[in-house]
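Report on one structure; see the data block that follows.
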């Protein structure tokens, strides 16, 4: 479905800022999140986790635990399917360890008891005999000769011969002649960058309430970005039929990619099956850090050549990502995003997916892209500094635009990078003066965005209102934009539409809320479903008027004759048609079930001013501006919110947040005190500019907005800090310790 | 099992419950009294999602034991609105899109209501430091701070 061919379409509801429909629930404490569900006869569960980074599990003795009064069941790996393969096997291996604990926090066994205190007491009574074996938690060390092999034969065949077995996947892309490119440059800079793993840091820990009987039929309530995915994977892991398990998504207290993965739901279901009682399982914050998320840590080599006039002659990058003890680190995205903002004749990117004794990485907002931008945009900034060129002019000079060839192959469709850069150049922030000790940083960033399987239904009620059912959990206010789409198409007020996140029994399969896809794909689905309903409404009017269906049009919420030739009838409002629909053909419901494939990529440019205290190494963000192409902003307040949220997470990643492992391979900072996400007093106001270059693949021009906002900040902040400190920072986070070290090395 | 009988007051109502001596006040509110507005984000007093008032003092209910509520007066997010009339802070949070996922919102509303009672005319810096114990991962705080500042101004103008 392409962009509506309506030049300068006047929207009535889209682009306005109505109150979100679930606002009341969320400000009164009434909204039900994952841990807010209770059932009669409910048991509470707890999970025993490995304290070792890498250890063979020689024996599990649960006798003492089972003898504790109140304990109803224990499950271990033997309570799950033995026939899963592929990625489902990886998920199962992560949900409950097989014969080896692969990281600190890996689940070994779980208990259901009559209270959560008893369940937590009982797991301490489980006796495990471990054989501790060598571990590795650094991506570069895991690739060295002699590094412990985490899983033999886990590679997918793409890896060049002679590499360590911990390297499990390989990516290569690019075009042109690198050697010729670099030799025609006036300046070539080559450097190595590292970023530590960060956690998505959603405030709501994973939680679920499960019920499964011996008949294989079950009900599951959980906080997730995609309950259809949970249904499918849980069914496989428990050897039950997919349709026999009904999954309802709770309100979700943040996800950012981390709740696209499955961790505890199969465990609660297995315990429920064993006890024939509902089982509630809620993670502690420490469990969230040790066993869910995080993103990959990286090690990257970048080489870029530039002429004195700012023309980039060639660029190459090697990106090594660890994704924990499982294949799947998003190194191909890192590689493909790295040079995306640049129109290069000679470019090459190589990616390695490397195993580590760390938790299985999960998607985190534009997975892989922010790190790539950090490395590449740092080198671009250094080239600009040394050649005394304006960083925005250089980016404009080399910018990707419609028709140029992307660094990873295809030709760009309509994109908004130049518009973002021009907006940045003209923004008052860019020309505002800096004080002593402050530095300014610029960066662009890129993300693909995604469509995906989508099903919605839009049922009209006899009173002229509409019930929209969607299958994508609302992670940031999407109910509001869905109501806006439906109101725009039906021509009835926003308040007359109620959007519900329907369970898996109500709609066809919906891919998870990821890839910035909801406003794009579920939005497109809603428009299509509304048009389907409108077609049916028009048919009812045509029937009444005894004219041809094609002679009826829909305008301002009414059926109307298409012109004088169609006949002369008073416009028939929606409510008039629905009032009689029972007698004129039955219920009127609009549908959409398909896989939209016209997602529009998006670019952003961020401007940051930072101040570095040369004595303590502490950085303060002084001023921040986000400029991003939304395609079309449906609810501008929530678009701004995505821009600001991405920037804030990027600030945390750049300055504070990191997974710190001890020599023993244990995570040292599994709480919010030591893993410090930005708090209100750390941040300034975050200014936003919404650029709108319509996506040709969506009727209103929507691109996704959720992820691109985290692509530029690491680089923009690193550039600001480096310019303030007078020394290039090459490792994230730029904690006071690392900044002081860099300052000392400079001196 | 050795449970203690606790008499307390929640949002103006007398309530009583039995709880284990190890049980937090947060768990007692949620599991014993069905008041699930306060959330557990960390259980260690770092995130503020469980913020309540205890005898008008802002506390993390995950750091208070249920038995400590004996004879006290508790305020939770469920008590902020007056019947069907939302508190001006609640209205402004909706109007300003000061929440995305909404999990931190109950704690932030309890905390900011306590702030405005104490200081009806806070500076932006004062609001930011007061809320430094309430983590929000979605918004970057911008719209939250604006909503609080504007509510404070409206309340001052109305009084």
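Chains as they are written, first to last, in this note's numbering: chain A, 1 to 747; chain B, 1001 to 1159.
Virtual Cβ for every residue (Gly too), placed ideally from N, Cα, C.
Being a predicted model, the structure only gives us computed values, none of them experimental.
field: Minimum C-alpha distance to residue 155 of chain A - residue among A:335, A:182, A:222, A:86
entry: A:86
- prompt: Between which two residues does the alpha helix (DSSP H) containing residue 234 of chain A stretch?
  reply: 227-238
- request: Using three-state DSSP, classify residue 561 of chain A as helix, strand or coil.
  value: strand
query: Relative to the alpha-carbon of residue 114 of chain A, which residue among A:271, A:132, A:383 has its alpha-carbon at the smallest distance?
result: A:271
- prompt: What separation, rounded to the nearest whole angstrom, lies between the Cα atoms of residue 1077 of chain B and residue 153 of chain A?
  reply: 54 Å
field: From A:394, A:661, A:139, residue whose alpha carbon lies closest to that of residue 313 of chain A
entry: A:394
message: Taking its Cβ as the centre, do 16 or more other Cβ atoms sit within 10 Å of residue 349 of chain A, making it buried, or is it exposed?
response: buried
- prompt: Any idea which residues DSSP pairs residue 628 of chain A with across the strands?
  reply: A:604, A:690
query: Among residues of its own chain, excluding the 5 on either side of residue 646 of chain A, which ones have a beta-carbon nearer than 6 Å to its beta-carbon?
result: 709, 710
- request: Could you please give me the residues that DSSP links to residue 1057 of chain B through a beta bridge?
  value: B:1054
message: So that I know if they touch, is there some Cβ in chain B lying closer than 8 Å to that of residue 638 of chain A?
response: yes
Min CB distance residue 673 of chain A to chain B below 8 Å: yes
message: Spatial neighbours of residue 73 of chain A within its chain, please: C-beta separation below 6 Å, excluding the five flanking residues on both sides.
response: 112, 271, 274, 275
query: Taking residue 1018 of chain B as the reference, which of B:1041, B:1068, B:1055, B:1042 has the closest Cα?
result: B:1068
- request: For residue 1020 of chain B, count neighbouring C-beta atoms within 10 Å of its own C-beta (all shown protein chains included) and say buried if the count is 16 or more, exposed if not.
  value: buried
message: Using the Cβ count rule (16 or more neighbours within 10 Å means buried), how would you classify residue 564 of chain A?
response: exposed
query: For residue 129 of chain A, which of helix, strand or coil comes out of DSSP?
result: strand
query: Under a Cβ-count criterion, where at least 16 other Cβ atoms within 10 Å of its own Cβ denotes burial, should residue 433 of chain A be classed as buried or exposed?
result: exposed
query: Counting pairs of Cβ atoms below 8 Å between the stretch 622-639 of chain A and the stretch 470-485 of chain A, do you hit three or more?
result: yes
query: Cα-Cα, which of B:1093, B:1086, B:1110 is closest to residue 1061 of chain B?
result: B:1110
- prompt: What residues in its chain sit with their C-beta under 6 Å from that of residue 757 of chain A, if we drop five residues either side in the sequence?
  reply: Given that chain A is displayed from residue 1 to residue 747, the structure contains no residue 757 of chain A and the question cannot be resolved.
task: Go through its chain and collect everything with a Cβ distance to residue 494 of chain A's Cβ below 7 Å, but skip five positions before and after it.
output: 13, 18, 483, 484, 487
In chain order, each alpha helix (DSSP H) run of at least 4 residues that lies wholly inside the stretch 41-109 of chain A: 63-67, 86-95
query: Roughly how many angstroms separate the alpha carbons of residue 531 of chain A and residue 554 of chain A, rounded to a whole number?
result: 9 Å
task: Could you work out which residue in A:64, A:603, A:400 is closest to residue 342 of chain A when comparing CA atoms only?
output: A:400
- prompt: Among the residues of its own chain, which have a CB less than 6 Å from the CB of residue 608 of chain A, if the five just before and after it don't count?
  reply: 441, 624, 716, 717, 720
field: For residue 17 of chain A, the three-state DSSP class (helix, strand or coil)
entry: coil
Residue 124 of chain A versus residue 369 of chain A - alpha carbon distance: 41 Å
- request: Give me the Cα-Cα distance between residue 1085 of chain B and residue 1052 of chain B, rounded to the nearest whole angstrom.
  value: 20 Å
query: What do you get for residue 749 of chain A, buried or exposed, if any count of 16 or more other CB atoms within 10 angstroms of its CB means buried?
result: The structure shown does not extend to residue 749 of chain A, since chain A is modelled only from 1 to 747, so the question has no answer here.
message: Using 8 Å for Cβ pairs, my map puts residue 706 of chain A next to residue 516 of chain A. What's the rounded Cβ distance?
response: 4 Å
- request: Check the Cβ of residue 475 of chain A against every Cβ in chain B and list those closer than 7 Å, keeping chain order.
  value: 1101
query: Got a sec, what are the start and stop residues for the alpha helix (DSSP H) residue 28 of chain A sits in?
result: 23-28
message: Would you call the stretch 161-180 of chain A in contact with the stretch 696-705 of chain A, where contact means no fewer than 3 C-beta pairs closer than 8 Å?
response: no
CA nearest to the CA of residue 684 of chain A, picked from B:1012, B:1151, B:1115, B:1139: B:1139
query: Helix or strand or just coil, what does DSSP make of residue 496 of chain A?
result: helix
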